[in-house]
Amino acid sequence: MYDKIFPPKQIVLPSGQVVYQKRTRLPLIAVIVIVAVYYSVELTDFNLHKLVTRIGEFGVIIDAMIPPDWNSWHKLSGALLDTLQMSLFGSLLGSLLAVPFAVAASSNIVRNRVVALLFKTTLSLLRTLPTLVTALIATFVFGLGPMAGVVAIMLFTISYVGKLLYEQIENVDMGPLEAMESLGMTRIQAFRNAVFPQVLPGYLSTSLFCFEGNVRHAAILGYVGAGGIGLLIKEDIGWRDYSGVGMIILALVVTVYLIETVSEHFRKKLI
């Protein structure tokens with residue numbers, strides 16, 4: 014359609030040959046972006062004047078957080094430990110369960126295209142659900158507490174690690190697998206010995222990276238009753254106890270930084 018409205022430019026080469034150069038799509042893309050931004054501003058009721066005049070309130074709240082309430086550490090430590098346990102256990106279960114999902118979704122391993130498509134669709138659907146929404150649903154199924162948080166993190170990890178893992182599996186060298194099958198191995202045995210060692214470093218690296226993100230996700234799951242440090246954040250903000258919120262944020266920043274540093278060290282060893 015675009016080429017019919019804006020026909021390609023005719024160029025005559027020195028040899029006399031005529032070639033056609035397609036018109037750039039940049040003006041069309043620019044118009045679409047401008048229209049999308051305009052309607053986004055209208056639908057969200059974005060107000061630039063309010064943003065400029067009220068953004069300083071962030072500084073007021075941050076100032077109220079300093080210094081943090083060091084005396085709240087006794088109640089914070091238990092909730093922080095619950096958050097780390099949710100993240101670790103949910104990430105571990107999700108990473109382990111992601112392997113069969115990824116194998117079943119790999120079109121070069123599973124010959125039945127319907128089965129592969131079904132598992133790919135399942136992983137895609139799981140990724141579309143935000144962790145907070147999944148945790149909210151889990152609280153109705155498993156009740157309030159860390160159990161719901163573990164389930165929410167596990168489902169997200171399955172979708173995230175499973176997606177990246179099946180993409181890695183579909184791009185491996187299939188020669189070793191076919192050679193082992195010709196020697197009499199079953200497809201599962203050949204996969205375990207020929208394919209999985211090729212994707213294992215990437216799988217472990219992805220699982221560690223996902224665990225880093227899950228610590229941050231778990232920190233807000235308390236807002237929907239899934240336990241952990243998010244419940245304290247909700248309570249302290251509700252009571253306007255900003256010094257307590259400052260202590261929670263400080264503990265989270267230090268914890269996440271330490272986990273990311275250790276995780277990055279091991280991921281560099283794996284890649």
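So the sequence shown is numbered by our numbering: it starts at 14 and just counts up by one.
Quick reminder that beta carbons are idealized off the backbone N, C-alpha and C, glycines included.
* Between which two residues does the alpha helix (DSSP H) carrying ASP76 extend? -> 70-78
* Can you have a look at LYS281 and say buried or exposed, based on whether 16 or more other CB atoms are within 10 angstroms of its CB? => exposed
* Rounded to a whole number of angstroms, what is the C-alpha to C-alpha distance between MET261 and MET198? -> In the sequence as displayed, the identity of residue 261 is Ile instead of Met. Whole-angstrom Cα-Cα distance: 54 Å.
* Asked: Relative to the alpha-carbon of ILE74, which residue among ARG140, MET99, ASP254 and PRO113 has its alpha-carbon at the smallest distance?
  -> ASP254
* Taking 9 Å as the cut-off, decide whether the C-beta atoms of LEU149 and ILE242 are in contact. => no
* Host alpha helix (DSSP H) of MET187 (start-end) -> Looking at the DSSP string, MET187 is not in any alpha helix (DSSP H), and its letter there is neither H nor E.
* Considering only residues of the same chain and omitting the five flanking positions on each side of SER100, which have a CB-CB separation below 8 Å? -> ILE166, PHE224, ASN227, VAL228, HIS230 and ALA231
* Asked: Is PHE102 near VAL163, with beta carbons less than 9 Å apart?
  -> yes
* Local conformation of LEU97 per DSSP, three classes -> helix
* **7 Å CB neighbourhood of VAL237 in its chain, flanking five on each side removed** => LEU145, ALA148, LEU149 and THR152
* Asked: Excluding five sequence neighbours on each side, which residues of the same chain lie with their C-beta closer than 8 Å to the C-beta of GLN98?
  -> PRO159
* Buried versus exposed, by CB contacts within 10 Å (16 or more), SER85 -> buried
* the region 213-224 in contact with the region 102-117 per 3-pair CB rule at 8 Å -> yes
* For PHE59, does the three-state DSSP call read helix, strand or coil? -> coil
* Shortest alpha-carbon distance to ASP82 belongs to which of PHE279, HIS278, GLY259 and THR268? -> GLY259
* To do: Could you check what DSSP says for TRP83 in three-state terms: helix, strand or coil?
  => helix
* Taking the alpha helix (DSSP H) that LEU11 falls in, what are its first and last residues? -> Nothing about residue 11 can be reported from this structure: the residues present for the chain run from 14 to 284 only.
* By how many angstroms is the C-alpha of THR274 removed from the C-alpha of VAL171? -> The sequence given here places Ile at residue 171; Val does not occur at that position. If I take the Cα positions, the gap works out to 23 Å.
* By a C-beta neighbour count over all protein chains shown, 10 Å radius and 16 as the cutoff for buried, is LEU196 buried or exposed? -> exposed
* Asked: If THR219 sits next to VAL174, beta carbons under 8 Å apart, how far is it from one beta carbon to the other, in whole angstroms?
  -> 5 Å
* Outcome for LEU136 when other beta-carbon atoms lying within 10 angstroms are tallied against a minimum of 16 -> buried
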